[in-house]
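Protein sequences, first through last, are from chains A and B.
Position one of the first sequence corresponds to residue 1 (UniProt numbering), numbered consecutively onward.
Position one of the second sequence corresponds to residue 1 (UniProt numbering), numbered consecutively onward.
See below for the structure under consideration.
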Amino acid sequence: MKELDPITLSVIQNGLIQVCNEMDLAFVRAAFSPVISEALDRSDGIYAADTGELIAQGELGLPIFVGTMQFSTQAVIERAKEVRPGDIYIVNDPYLGGTHLMDVKFVRPFFYKGKLWAWLANTGHWPDLGGAVPGGFSANATEVEQEGLRLPPVKLFKEGTLDEEILSIILSNIRIADQRIGDIKAQAAALSIGDQRLTELLDRYGEDVVTRSIRELKVRASEQMQAKIADIPDGCYHGVAYVDSDGVVDEPLKIDMKVTSKGNRLHFDMSGSSAPCMGPMNSVLATTKSSIYLAMKHIFPDIPINAGTFEPLDIDDPEGTFLYARYPRPVSGCAAEVSQRIAEAVFNALVDVIPDLLFAAPAGTSGNLAVGGYDPEREKAYVMYVISGGGYGGYREGDGLSNGCSTIGISKTTPIEVMEQYYPVLFEEYSLHEGSGGAGRQRGGFGVNYRIRLRRGEARASMVMDHGRFGPLGALGGEDGGTNKVLVEAGGQAYVPPHLSKDQDIQIRAGDCISVSTPGGGGFGDPFDRSPDLVARDVRRGYYTAEQVRERFGVVIDPGTGTVDELETYRLRTAAE
Amino acid sequence: MTGTVIGVDVGGTFTDLISADPETGQVAVSKVPTTLDNQAFGVIEAMQGVGVDLSDVVAINHGTTTTTNALLERKIARVGLVTTRGFRDVLELGRRTRPQPYGLKGRFKPLISREYRMEVPERINADGEVVVPLDEAALRDKIRTLVEMGAESLVIHFLHSYKNPDHEKRALEIAREMWPNRFVTAGHEILSEYREYERGTTAAINGAIRPVLDRYINRLQEELTRGGFAHDLLVMQGNGGSVSSRIVAESAVNTVMSGPASGVMAAAATCREAGIDKVITYDMGGTSSDVGMVQGGVPQVTAELDLEYGMPIHVPMVDVHTIGAGGGSIAFVNEAGLLQVGPESAGATPGPICYGRGGTQPTITDANLVLGRLDAEKLLAVDHPVSLEDVRRAFEREIGHHFGMTAEEVATAILQVANNRMAGAIRMVSLSRGHDPRDFALFAFGGAGPLHGGALARELGIPRVVIPARPGITNALGCVVSDLRHDFVNTVNTPLAAVKIEQVREIIRQQINDGKAMIERDGVATRELVYLFSADMQFQGQSHMLSVEISGPDVTREELQRRFDEVYWKRFAVELPEIKAVLVNLHTAVIGKRDSVDLKTLAGTAQADRLEAAQRTTRRVMFAGDWFETPVFWREKLPQSLSLTGPAILEQLDTTIVIEPGDRVTADPVGNLIVEVHDERA
């Protein structure tokens with residue numbers, strides 16, 4: 001048997017990723033759901049025939065899906081009977097290696113020369129799967145049944161043919177069903193592309209070379225991760241993050257993250273976290289683990305993703321906490337919100353130890369607002385989603401980015417001009433959330449303010465956001481970022497949701513307004529060390545007021561010239577020492 | 001047309017010029033270093049290089065990177081913005097993105113700093129109705145403030161101006177009265193398409209580079225006029241056409257992607273002449289490579305390219321995708337012990353090791369040298385010569401010792417990994433535009449394209465490679481062959497069933513009239529006017545659009561539906577009769593054809609009648625691990641009856657062409673070399 005050379009390994013690694021990239025592309029190009037086609041909320045990968053372990057994943061997939069699909073593929077493998085070429089399983093059960101119900105996975109056996117050789121799988125976020133509220137983000141749900149239709153692994157396609165009976169059950173239980181057939185066809189077509197391309201790869205390089213390369217690449221990825229970890233000094237590091245509330249009981253939920261670095265392994269212990277909660281802010285195990293994978297990928301962006309990448313990470317199952325939800329705990333908030341808090345807890349634990357690689361906490365909420373109503377002029381029901389960004393944390397080399405997308409996402413916002421065409425709303429403001437960037441030597445980026453007025457008819461507004469109670473954490477002496485704020489003005493009355501960032505079914509009528517301000521990023525380093533000239537520039541741009549920078553940065557701005565009052569600034573800053 | 005036609009393209013490193021006299025068939029070329037501070041010096045020097053008398057020249061078409069460089073280096077004018085109240089931060093907040101999927105770091109600097117962005121009370125809704133009337137007093141006040149603050153250029157950007165431009169038009173009138181110069185840009189004038197960030201950014205780009213381009217073109221035009229040139233200079237645009245220097249600065253943003261566009265235009269013209277219907281163009285340079293697609297002799301056009309992170313340009317442009325691999329791409333061993341090539345590049349400085357400017361890391365160019373594909377003697381004639389032995393030692397030191405490989409084995413590996421990655425990237429570009437690359441020929445040009453064309457084609461399953469007469473100055477050729485062109489886009493965004501077809505026809509008629517008026521303003525002789533009509537369409541609820549060709553101002557609803565169904569089926573092989581189609585945008589391109597130049601003349605007249613007479617020497621070249629004693633030919637001497645099977649090296653002034661073992665090369669009647677790729681699997 002010929003020795004595998006490093007060139008073949010590189011070429012096979014590229015080849016496997018290319019297969020996945022082409023699946024990602026096929027899926028996104030043909031999909032109907034704007035969540036998939038615009039927000040890129042999908043992922044495609046190749047998984048091992050026997051273990052379901054990740055072999056390769058597309059580079060264009062949504063970050064939250066790093067590593068999750070191997071858990072759902074494993075759930076399919078355990079239950080699959082009489083697997084045949086052309087079969088496609090559909091599954092969205094959160095407790096079987098899932099995220100939330102809206103993430104629907106298709107899993108297809110891949111046969112090579114008559115033998116089950118691997119699995120191809122993809123996930124797409126469907127806009128609706130039934131349940132109490134359109135879109136599935138019910139802030140008040142207390143059981144998973146209220147969140148929508150739950151599908152165990154079933155064959156939606158049997159040897160290439162769509163099972164119309166199963167399809168009809170699905171379509172009878174979801175909203176906006178008429179467009180889903182387009183997504184189903186796109187999702188299945190992406191897997192056929194994967195099937196073709198993987199077959200070509202195997203034909204070209206030979207089954208034996210590819211099999212051995214996959215094995216070797218797993219070892220190499222593990223070694224690469226170990227090399228990164230070896231640079232983290234040994235020790236036990238403690239990080240925290242808080243979820244405002246679960247949407248039902250108004251109490252914060254704590255993520256307690258103990259990260260132990262020893263040699264070339266990292267150990268994660270979350271046992272000190274809050275107990276399972278009543279509302280939908282529980283996380284299933286697959287999502288909890290993926291969130292840690294995702295955090296590591298954000299810290300070390302250049303490591304390739306396969307099963308070996310995660311091998312040096314020892315994650316204790318957080319039994320008895322809200323991070324290991326079991327049936328029938330509601331979980332709709334896990335993918336969009338809790339996942340990001342888990343990542344923030346990892347960042348928080350490690351930022352003091354490897355500050356040059358890290359950053360202060362990002363806004364980290366998806367800022368999900370859904371407004372569902374009836375447009376009397378168009379005689380049509382609608383559901384409008386506004387997904388927001390926020391400020392990123394400062395880092396050694398620079399200030400945080402303003403209005404970045406969520407930690408788990410890579411999508412773009414829908415333009416205001418498009419929203420106003422589709423829905424009976426008028427945006428009155430879309431602006432930078434002044435003052436929200438956490439002060440620091442490198443300050444946080446800024447969040448966004450937007451204000452929407454309903455033009456016609458009546459509607460109900462629901463939201464699942466976070467960081468309303470606690471701003472994103474600053475690092476190394478930096479200040480926390482500004483918090484998320486929601487204000488509803490209905491019938492001349494101002495209303496602030498009791499849970500600040502989560503609420504459901506707020507009634508609004510034509511003329512009423514919803515205003516949202518999203519969080520800023522955490523500051524990095526002591527704000528009193530920030531260059532006074534940069535602070536003056538920030539004041540000139542209106543990012544902060546002169547009063548704010550005096551207090552938060554120790555810089556005095558001459559009201560006449562708008563420049564730094566050097567002497568007063570010196571006095572203020574030295575007095576603080 | 002009688003008289004000389006000149007195409008001159010200013011690239012990052014070199015300024016290339018082609019002068020052609022269509023009557024005598026005389027062609028001259030020159031290549032001089034680009035003068036970065038003022039590109040005009042290089043242009044004038046290149047003119048002197050071919051020794052033409054400017055008074056004999058009837059047309060000069062100029063491709064310039066002035067605007068692209070100004071944007072990338074942020075050497076732009078100070079711009080002021082007036083916009084709808086509540087929305088001054090649209091240009092800073094962007095579309096809620098980050099520069100890369102992983103790693104929560106990165107910067108974004110808006111083109112217009114926040115203190116120069118002013119709001120005025122005014123609002124039009126999505127139906128085009130006025131919600132808040134334009135407050136003219138406030139507008140005057142803000143404009144006055146911006147003048148006092150020293151803004152040089154003004155941008156007016158109001159929400160929904162694509163639907164109802166009345167407020168922008170009125171603001172434009174007022175601003176023109178008050179602004180101290182001509183540099184006033186309104187969003188709807190540049191493009192009448194929805195999406196406030198993209199339209200606003202496109203307008204801001206226009207505002208930011210308009211004064212820069214205006215100054216540059218005026219200076220150059222003056223110099224040329226002083227030299228005896230009696231016409232208006234033409235300037236290349238990103239849509240592959242050109243406009244006269246009189247009006248180019250008004251839509252300065254159109255020049256931004258013009259460099260890569262002219263290369264694709266040249267490829268399109270060459271392939272039309274050669275009768276090749278579908279090509280993927282591959283322009284490989286020092287730090288990156290540009291990939292474009294041509295079908296039926298027409299380059300694909302897009303209205304959505306990003307110049308860099310957060311800088312979308314939404315005007316119709318030749319669809320060119322840049323991939324981060326070029327001759328200077330650096331090879332290294334990563335932490336997993338795998339050989340990687342790029343995306344880091346050694347650039348021009350320090351450059352590849354063999355440039356002798358201090359480079360120490362192996363690059364693709366160095367690998368070509370080690371394997372004998374590039375001539376060691378020629379390349380090493382630089383300021384601080386490096387010997388081939390030095391390069392080989394660096395290969396062993398940097399990479400070889402990790403794997404126990406010789407320098408040649410390392411070089412072979414670098415080319416294999418690099419070609420594999422580049423082919424993957426080309427494949428993605430092609431697929432994302434809905435095409436299987438195997439249906440295309442590969443048009444390889446640029447300094448390094450012909451070195452890799454054969455290997456890439458083999459990797460991609462492409463049967464044929466086309467190498468033009470002058471691969472290294474193809475962009476200048478694009479300037480010679482390009483026509484006048486003006487593009488118009490209007491948003492309709494209405495379900496097809498609800499579209500008022502008369503309104504659609506009226507929009508197209510208006511676009512035609514606007515185009516004719518612009519061509520008239522160009523004041524340049526044209527042979528005929530040609531129109532290209534297309535529509536962007538999608539299924540309701542879908543967000544990706546498909547561009548479909550339509551017949552023109554007599555279009556019917558049935559035609560739109562039929563064309564959409566056809567294109568959708570071709571692209572996705574899915575029929576969705578249950579879902580409604582939406583007409584999103586209408587595009588019209590108005591093209592003023594100029595007299596064409598005979599491309600055959602580019603091949604020169606030095607052809608020998610026998611192959612032996614064209615051979616310069618032989619040298620050892622390594623292919624797939626084996627040394628071949630390989631004949632080296634002067635390309636310009638290759639006989640017309642050429643039929644040669646590789647291995648062979650063909651050298652010419654502007655590039656080196658590698659013919660891999662088994663590939664067969666012939667010459668076509670219009671001066672191209674056609675390489676039939678030997679498929680070992682067949």
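Don't be surprised by glycine CBs; every beta carbon is placed ideally from N, CA and C.
Only a predicted model underlies this, so the values are computations on that prediction, with no experimental measurement involved.
Taking the alpha helix (DSSP H) that VAL410 of chain B falls in, what are its first and last residues?
407-432
Does TRP569 of chain B pass the burial test, meaning 16 or more other C-beta atoms within 10 Å, or should it be called exposed?
Exposed, by the Cβ-count rule.
Within the continuous beta strand (DSSP E) that includes ASP505 of chain A, where are the two ends?
502-509
Option in B:PRO647, B:VAL658, B:THR630 and B:ALA603 with minimal Cα separation from LYS637 of chain B
The shortest C-alpha separation from LYS637 of chain B is found at B:ALA603.
By how many angstroms is the C-alpha of GLU458 of chain A removed from the C-alpha of GLU143 of chain A?
28 Å
Given TYR237 of chain A, which residues of its chain have a CB within under 8 Å of its CB, disregarding the five upstream and five downstream residues?
LYS258, VAL259, THR260, SER261, ALA349, LEU350, ASP352 and VAL353
Taking buried to mean at least 16 other C-beta atoms within 10 Å of its own C-beta, is GLY320 of chain A buried or exposed?
exposed
Residues bridged to PRO122 of chain A [DSSP beta-bridge criterion]
First, the amino acid is wrong: residue 122 of chain A is Asn here, not Pro. DSSP output for ASN122 of chain A lists A:ASP44 and A:PHE106 as bridge partner(s).
Min CB distance MET1 of chain A to chain B below 7 Å
Its pLDDT being 44, under 50, MET1 of chain A is placed unreliably by the model, and the measurement read from it follows with that caveat. For MET1 of chain A, the nearest beta carbon of chain B is not closer than 7 Å to its own beta carbon.
Interfacial residues, the region 176-190 of chain A to chain B, with Cβ spacing under 9 Å:
ILE176, ASP178, GLN179, ILE181, GLY182, LYS185, ALA186 and ALA189
In chain order, what are the residue ranges of uninterrupted beta strand (DSSP E) at least 3 long that sit wholly in the region 422-495 of chain B?
441-445, 464-467 and 484-495
Can you find a C-beta in chain B that's less than 7 Å from the C-beta of GLN340 of chain A?
no
Bounding residues of the beta strand (DSSP E) (the contiguous stretch that carries ARG117 of chain B)
117-120
Answer yes or no: does any C-beta atom of chain B fall closer than 7 Å to that of LEU198 of chain A?
no
Is it right to say HIS402 of chain B is buried, meaning 16 or more other beta carbons lie within 10 angstroms of its own, or is it exposed?
exposed
Residue 622 of chain A lies in the beta strand (DSSP E); which residues open and close that run?
It is not possible to answer for residue 622 of chain A, since the shown part of chain A is limited to 1 through 577.
Unbroken stretches of the beta strand (DSSP E), 3 residues or longer, contained in the region 347-393 of chain A:
The qualifying runs are 368-375 and 380-386.
Can the beta-carbon of LYS485 of chain A be found less than 7 Å from the beta-carbon of GLY247 of chain A?
Between LYS485 of chain A and GLY247 of chain A, the CB-CB gap reaches or exceeds 7 Å.
Just the C-alpha distance for ASP89 of chain B and SER431 of chain A, rounded to the nearest angstrom, thanks.
5 Å
Cβ neighbours of MET622 of chain B in the same chain (closer than 7 Å, five flanking residues each side left out):
Within its own chain, the residues whose Cβ lies closer than 7 Å to the Cβ of MET622 of chain B, once the five positions on either side in sequence are excluded, are LEU371, GLY372, GLU408 and THR412, listed in chain order.
For residue 686 of chain B, which residues in the same chain have their Cβ closer than 7 Å to its Cβ, ignoring the five residues on either side in sequence?
Shown here, chain B extends from 1 to 682; a query on residue 686 of chain B therefore has no answer.
Run the CB neighbour count on VAL331 of chain A, radius 10 Å, all protein chains shown included, and call it buried at 16 or more, exposed below.
buried
For the 8 Å Cβ check, are there 3 or more pairs between the region 186-198 of chain B and the region 413-427 of chain A?
yes
Per DSSP, SER244 of chain B forms a beta bridge with which residues?
B:LEU234
Quick one: does ALA418 of chain B have its CB under 7 Å from some CB of chain A?
no
Starting from GLN538 of chain B and walking both ways along the beta strand (DSSP E), at which residues does that stretch end?
528-539
Quick check on HIS433 of chain A - is its C-beta less than 7 Å from some C-beta in chain B?
no
Listed by chain order, chain A residues near LYS75 of chain B by CB distance under 8 Å
None at all; the shortest Cβ gap to chain A is about 19 Å.
Selection from B:ILE591, B:THR645, B:ASP514 and B:ALA469 that minimises the alpha carbon distance to ARG635 of chain B
B:ALA469
Taking buried to mean at least 16 other C-beta atoms within 10 Å of its own C-beta, is ASN490 of chain B buried or exposed?
buried
Compute the distance between the beta-carbons of ASN282 of chain A and ALA325 of chain A, then report whether it is under 7 Å.
Note that the C-beta distance between ASN282 of chain A and ALA325 of chain A is below 7 Å.
For MET1 of chain A, which three-state DSSP category applies?
Reliability of the predicted coordinates at MET1 of chain A is poor, the pLDDT of 44 falling under 50, and the value obtained from them is presented with this limitation in mind. Reduced to three states, the DSSP call for MET1 of chain A is coil.
Going along chain B in order, which residues have a C-beta closer than 9 Å to the C-beta of LEU426 of chain A?
ARG123, ASN125, ALA126 and VAL131
Does the distance from the CB of VAL298 of chain B to the CB of PRO260 of chain B come in under 7 Å?
no
Just the chain B side, please: which residues come within less than 9 Å of SER402 of chain A by C-beta, in chain order?
ASP89, GLU92, LEU93, GLY94 and PHE108
Taking 7 Å as the threshold (C-beta atoms), are THR605 of chain B and LEU642 of chain B in contact?
no
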